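Undergrad:
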Amino acid sequence: MATAEKRVLQALQARGIATRPELAAATGLSLVMVNQVIAGLCSEGVVKAAGEAASSGGRRARQYRLRSDGAYHALIRLAREGNILVGEVEELDSTGCPTCKMQGNFAYVDSDSFDAWLDTLTRRHTLRSITLCTAGAPDKKSTITHLHKRYGSRVKYPSTAAVLNERHEGEASLYLPEGQEASCAIYRNGKLTESGALSLLPLPIEWANIPHSDRSLVEETVARLIQMISCILSPTRISLHIAEWPPRLTERILYNAGTKLRGQMPPIRFIEHTDEALLRAMRQYAVRL
Numbered sequence: 149m150a151t152a153e154k155r156v157l158q159a160l161q162a163r164g165i166a167t168r169p170e171l172a173a174a175t176g177l178s179l180v181m182v183n184q185v186i187a188g189l190c191s192e193g194v195v196k197a198a199g200e201a202a203s204s205g206g207r208r209a210r211q212y213r214l215r216s217d218g219a220y221h222a223l224i225r226l227a228r229e230g231n232i233l234v235g236e237v238e239e240l241d242s243t244g245c246p247t248c249k250m251q252g253n254f255a256y257v258d259s260d261s262f263d264a265w266l267d268t269l270t271r272r273h274t275l276r277s278i279t280l281c282t283a284g285a286p287d288k289k290s291t292i293t294h295l296h297k298r299y300g301s302r303v304k305y306p307s308t309a310a311v312l313n314e315r316h317e318g319e320a321s322l323y324l325p326e327g328q329e330a331s332c333a334i335y336r337n338g339k340l341t342e343s344g345a346l347s348l349l350p351l352p353i354e355w356a357n358i359p360h361s362d363r364s365l366v367e368e369t370v371a372r373l374i375q376m377i378s379c380i381l382s383p384t385r386i387s388l389h390i391a392e393w394p395p396r397l398t399e400r401i402l403y404n405a406g407t408k409l410r411g412q413m414p415p416i417r418f419i420e421h422t423d424e425a426l427l428r429a430m431r432q433y434a435v436r437l
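Residue numbers for the sequence shown follow the numbering used here, beginning at 149 and rising by one.
#1: With C-beta atoms as the reference, is residue 158 less than 7 Å away from residue 243?
#2: From residue 265 to residue 254, what does the alpha carbon distance come to, in whole angstroms?
#3: Just to check my reading of the structure: residue 202 and residue 165 have Cβ atoms closer than 8 Å, yes? What is that Cβ distance to the nearest angstrom?
#4: Can you tell me where the alpha helix (DSSP H) with residue 165 in it begins and where it stops?
#5: So, is residue 219 buried or exposed, given that buried needs 16 or more other C-beta atoms within 10 angstroms?
#6: Starting from residue 184, trace the beta strand (DSSP E) both ways and give me its first and last residue.
#7: Check whether the segment 233-240 touches the segment 185-192, taking contact to mean three or more Cβ pairs, one atom from each stretch, closer than 8 Å.
#8: When you compare the CB positions of residue 383 and residue 334, do they come within less than 7 Å of one another, or not?
#9: Keeping to the same chain, check which residues put their C-beta closer than 7 Å to that of residue 406; ignore five residues upstream and five downstream.
#10: Helix, strand or coil for residue 403? Go by DSSP, reduced to three states.
#11: Taking 7 Å as the threshold (C-beta atoms), are residue 307 and residue 331 in contact?
#12: For residue 228, which option in 241, 250, 257 and 248 has the closest C-alpha, if you only look at C-alpha atoms?
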């Protein structure tokens, strides 16, 4: 249903106003599915009826359009640069396009650090959801509780691996940034599950502290992660989101992991992540229902 809602919202965004048969034609969805999606969006206050189309002799079809104060989302990003936390909040429309952006620097953040930004956004529109994509702060549980209580919006605080997961059945996504914690998420039975912190014991070093100039250590660590994920989660495939690695390193990782798993390794994809691709993925995750 989430994909169907997104297609209907995109069609309404492009057309401005449309009947249910017109939306079915524009999206390729069945009329039954469009009826279900429109009913749900109307009940949530995202879409509203906008009169009836002209009749050519038969029954006139009802038209619909996006509410001017509906289907808006907030995406908060926070990254550490030296001793400063650099933050940015974007207001996104239903298709993930930014409509407003604010930036600021923090020496320290807690659960109410973003209230001034969000208060500004909520004076413009009702926020359907708030998504935080942050590195290291603030506390997840207290922040979710505070933001939901204050704004009444759905609050999402995903790992980067969850943001990057393409949601194919059985897909495990593994995010391996240099100098940051590794994260993993798997999509199964229509549900995205995050692994939490990945323990690399008995290795003497955590992923965030690995010197990436030591290719042998990187190779062994990633091979063990693949082995652990394969044995515990039994994914149908694993997507590794990495920095730019030489082909020789990825070949050695695949050989090492295949040896550890004795040939029972799922298909592996190495995907080089860029800042632009990650931001696009964050925006799409933020507006996903």
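Every residue, glycine too, gets a C-beta built ideally from N, C-alpha and C. No experiment lies behind these values; they were computed from the predicted model shown.
TA: In short:
#1: By 1-based counting over the sequence shown, the position of residue 158 is 10. By 1-based counting over the sequence shown, the position of residue 243 is 95. A contact, by the Cβ cut-off of 7 Å.
#2: In the sequence shown, the residue the question calls residue 265 occupies position 117. In the sequence shown, the residue the question calls residue 254 occupies position 106. Each residue's Cα considered, the two are about 13 Å apart.
#3: In the sequence shown, residue 202 corresponds to position 54, counting from 1. In the sequence shown, residue 165 corresponds to position 17, counting from 1. That pair is no contact at about 12 Å.
#4: Walking along the sequence shown from the start, residue 165 turns up at place 17. Secondary structure note for residue 165: it is in no alpha helix (DSSP H), with a DSSP letter that is neither H nor E.
#5: Sequence index remark: in the sequence shown, residue 219 carries index 71 (1-based). Under this definition residue 219 is a buried residue.
#6: The residue labelled residue 184 in the question sits at position 36 within the sequence shown. From DSSP, residue 184 is part of no beta strand (DSSP E) but of the alpha helix (DSSP H) over 179-191.
#7: Three or more beta-carbon pairs separated by less than 8 Å are not found between the segment 233-240 and the segment 185-192, which leaves the two stretches without contact.
#8: Position 235 of the sequence shown, counted from the start, is the residue given in the question as residue 383. Position 186 of the sequence shown, counted from the start, is the residue given in the question as residue 334. In contact: residue 383 and residue 334 (Cβ atoms closer than 7 Å).
#9: Start at 1 with the first residue of the sequence shown, and residue 406 comes out as number 258. Within the same chain, residue 406 has close Cβ partners 413.
#10: Position 255 of the sequence shown, counted from the first residue, corresponds to residue 403. Three-state result, residue 403: helix.
#11: Start at 1 with the first residue of the sequence shown, and residue 331 comes out as number 183. Start at 1 with the first residue of the sequence shown, and residue 307 comes out as number 159. A distance below 7 Å separates the beta carbons of residue 331 and residue 307.
#12: As a position in the sequence shown, residue 228 is number 80, starting the count at 1. Each of 241, 250, 257 and 248 was checked against the Cα of residue 228, and the nearest Cα belongs to 257.
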